[in-house]
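Student: Just so we're aligned, residue 6 is where the sequence shown starts under the working numbering, counting upward by one.
Note that CB positions come from ideal geometry on N, CA and C, so glycine has one too.
Here the structure is a predicted model, which means the values were calculated and not measured.
Before I ask anything, here is the structure I am working with.
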Amino acid sequence: MGQLKKLGLFIWKIIKGTFYFLTSKIFLRNIIGIIFIIAGTILLSFLFIQEFSRHGKSRPMPKIEGMSLKEAMSKYNYLTFHVDSVKETDTITGLFFEPFQILSQNPAAESSIKNGRKVYLTVQQYNDKEVALPKIWGKDVSRALTDLNGKKLNGSIWKRIPDKAENTVLEVYVVNKNDTIKVNDYGTNGTAPRLPEGSSLLLVVAQGMGSEVPLPNCKCQTFDIARFLLEGSELQLGSIFVGGGVMDTVNAYVYRQNPQFIEGKIALKGAEVNLWLSQELPEGCKIDTDLNPPTQRPDTLKVIGPPK
């Protein structure tokens with residue numbers, strides 16, 4: 006019994022001492038300090054992670070492909086650019102891109118990015134190799150193409166137009182990425198236009214005027230017959246404008262032509278004639294059965310053969 010009493014007193018002392026310790030000022034100061042340290046650590050960690058990842062500040066990646074590098078850096082200064090330069094040519098026109106033009110970007114446009122995101126760019130190298138355009142105006146087209154090739158310029162015949170100086174170059178156009186620009190002759194100062202090596206040029210060449218021919222009347226004829234009339238008059242078929250209801254172009258009817266037919270009107274040999282087509286025979290037209298034989302089969306067919 007005495008031992009149990011001693012054990013109970015010992016346990017009570019421990020509990021009492023623990024209580025006094027837990028309620029003492031030094032313990033409370035320490036525990037409050039520990040709580041503040043843990044809370045501050047958690048808060049600082051959260052703020053650091055938020056700042057590091059820019060959480061909640063994502064935005065769509067702008068489309069900068071096709072812009073100049075200078076313009077992109079000025080307009081989107083919240084991005085970091087990693088730039089690689091290459092020498093590329095337009096696979097369609099063969100013309101060099103503008104120097105420092107952005108050819109590709111990664112990440113792609115409209116993808117989600119954060120401020121400071123590194124963007125990888127491929128830009129066009131600066132092309133300092135320019136050549137003087139040779140004087141090809143008025144030259145025979147074959148000689149002009151040879152001269153262009155010797156200057157590492159790509160020339161091709163774009164179109165031919167009636168002119169007395171047959172097979173000579175009348176106009177020169179340089180091909181840009183989105184357009185063609187006419188290049189004027191040297192002019193009075195004799196300064197040769199300069200172009201990047203590999204530029205593509207389109208030439209307008211004289212076809213030769215030849216003689217004058219009567220302008221045929223294609224109105225009311227089928228397209229097939231109108232084309233035959235133009236070829237017979239040594240005229241060229243120009244643009245064809247087809248109405249919405251046209252299902253069979255060959256058998257469609259011409260309801261308008263340009264130049265307009267006037268009795269006795271003439272045209273230069275090789276000139277173009279534009280045609281407008283409709284599926285139905287225009288009002289006021291009569292079918293010339295000599296030029297336009299019926300294409301439909303008769304309702305009844307007579308079978309010729311031995312009697313059964």
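To the nearest angstrom, how far is it from the Cα of isoleucine 118 to the Cα of valine 177?
Tutor: If you take the alpha carbons of isoleucine 118 and valine 177, they lie about 46 Å apart.
Student: Assuming valine 259 and lysine 224 make a contact with CB atoms under 8 Å, what is their CB distance in whole Å?
Tutor: With 8 Å as the limit, valine 259 and lysine 224 qualify as a contact, their Cβ atoms being about 5 Å apart.
Student: Roughly how many whole angstroms lie between the Cα atoms of asparagine 279 and glycine 203?
Tutor: If you take the alpha carbons of asparagine 279 and glycine 203, they lie about 36 Å apart.
Student: I need the straight-line Cα distance from asparagine 4 to asparagine 263, nearest angstrom please.
Tutor: Outside the shown range of the chain, which is 6 to 313, sits residue 4, and nothing can be said about it.
Student: For threonine 127, write down the residues that DSSP places opposite it in a beta bridge.
Tutor: According to DSSP, which records beta bridges pairwise, threonine 127 is partnered with Asp89 and Ser109.
Student: Do the segment 80 to 87 and the segment 120 to 135 meet, that is, are 3 or more Cβ pairs less than 8 Å apart?
Tutor: Touching, per the Cβ criterion.
Student: Could you compute how far the alpha carbon of valine 146 sits from the alpha carbon of valine 174?
Tutor: Answer to the nearest angstrom: the Cα atoms are 6 Å apart.
Student: Can you give me the start and stop residues for the beta strand (DSSP E) that glycine 160 sits inside?
Tutor: It spans 159 to 166 - the beta strand (DSSP E) in which glycine 160 sits, taken as one unbroken run.
Student: DSSP has phenylalanine 246 in a bridge; who is on the other side?
Tutor: According to DSSP, which records beta bridges pairwise, phenylalanine 246 is partnered with Trp281.
Student: Helix, strand or coil: which one does DSSP assign to leucine 138?
Tutor: It is coil, neither helix nor strand.
Student: In angstroms with no decimal places, state the Cα-to-Cα distance between alanine 44 and asparagine 35.
Tutor: So the alpha carbons of these two residues sit roughly 14 Å apart.
Student: At what residue ranges does the segment 201 to 242 contain a whole run of the alpha helix (DSSP H), taking only runs of 4 or more?
Tutor: If we require 4 residues or more, the alpha helix (DSSP H) runs fully inside the segment 201 to 242 come out as 228 to 237.
Student: Here's the rule I'm using: 16 or more other beta-carbon atoms within 10 Å means buried, otherwise exposed. How should methionine 66 be labelled?
Tutor: Burial call: buried.
Student: Just reading off the alpha helix (DSSP H) that alanine 272 is part of, what are its end residues?
Tutor: No alpha helix (DSSP H) contains alanine 272, which is instead part of the beta strand (DSSP E) from 271 to 273.
Student: Mapping the DSSP letters down to three states, classify threonine 28 as helix, strand or coil.
Tutor: Reduced to three states, the DSSP call for threonine 28 is coil.
Student: Let me know if tryptophan 17 comes out buried or exposed under the rule of 16 or more other beta-carbons within 10 Å of its beta-carbon.
Tutor: Counting Cβ neighbours within 10 Å, tryptophan 17 comes out exposed, since fewer than 16 surround it.
Student: Assuming alanine 272 and alanine 211 are in contact, meaning their beta carbons sit under 8 Å apart, how far apart are those beta carbons, in whole angstroms?
Tutor: Incorrect: roughly 17 Å between the Cβ atoms, too far for contact.
Student: Would DSSP call isoleucine 20 helix, strand or coil?
Tutor: Here isoleucine 20 sits in helix by DSSP.
Student: In whole angstroms, what is the alpha-carbon distance linking isoleucine 166 and asparagine 120?
Tutor: Whole-angstrom Cα-Cα distance: 57 Å.
Student: Assuming the contact rule is C-beta atoms closer than 8 Å, lysine 164 and valine 209 should be a hit. Round their C-beta distance to whole Å, please.
Tutor: Lysine 164 to valine 209, Cβ: 6 Å. Contact.
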